[in-house]
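Under our numbering, think of the first position of the sequence shown as 1323, with each following residue one higher. Glycine included, every Cβ here is placed at the ideal spot set by N, Cα and C. These numbers come from a predicted model, not from an experiment. Notes follow the structure.
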Amino acid sequence: MLKNKFALGLSSLVLLFLTACTAMPLTSEISDAIAHATTAADHQQIANYFSETAAGYEAEASRHEKMANAYGGYPRGPISYISHCRSLQQGFSAAAKDARALEQAHRQLAAGAGK
1323 MLKNKFALGL SSLVLLFLTA CTAMPLTSEI SDAIAHATTA ADHQQIANYF
1373 SETAAGYEAE ASRHEKMANA YGGYPRGPIS YISHCRSLQQ GFSAAAKDAR
1423 ALEQAHRQLA AGAGK
């Protein structure tokens, strides 16, 4: 029990340290970062934020697709669960596509900011 608490505390500290070292804006700061972006580095950080966001959405879409397939394996698959998971999968996929488009837009802005 004590080992588990120590491991959890240590992992929390490592996560906190790694989060503090990142140059990517936090979710709560992204609006400010977008509003005040003027340099290539600013736009690159925003692009990185949207890349990470898209990856998270893609992971959620994949997870919900797997859950829908798992529910479909039941002899009397709960249709409402399957449609719920498919709906979430489609929503997360659309959000990922939008985030990827914003990532690309900010990468283009970063490339143009140096000219």
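On the DSSP letters alone, give me the boundaries of the alpha helix (DSSP H) that Leu-1431 sits inside.
Counting from 1 along the sequence shown, the entry for residue 1431 is found at position 109. Segment 1401-1435, the alpha helix (DSSP H) holding Leu-1431.
Just the C-alpha distance for Ile-1352 and Lys-1419, rounded to the nearest angstrom, thanks.
For the purposes of this step, residue 1352 is taken as residue 30 along the sequence shown, with counting starting at 1. For the purposes of this step, residue 1419 is taken as residue 97 along the sequence shown, with counting starting at 1. Ile-1352 and Lys-1419: Cα-Cα distance of roughly 18 Å.
Under three-state DSSP, which class holds Gly-1378?
For the purposes of this step, residue 1378 is taken as the residue at position 56 of the sequence shown. Of the three classes helix, strand and coil, the one that applies to Gly-1378 here is helix, per DSSP.
When the Cα atoms are used, what is the spatial distance from Gln-1367 to Cys-1407?
Here residue 1367 corresponds to residue number 45 of the sequence shown, with the count starting at 1. Here residue 1407 corresponds to residue number 85 of the sequence shown, with the count starting at 1. If I take the Cα positions, the gap works out to 32 Å.
Can you confirm whether the segment 1427-1434 touches the segment 1392-1403 when touching is taken to mean that 3 or more C-beta pairs between the two stretches lie within less than 8 Å?
In short, these stretches do not touch, since the Cβ pair count stays below three.
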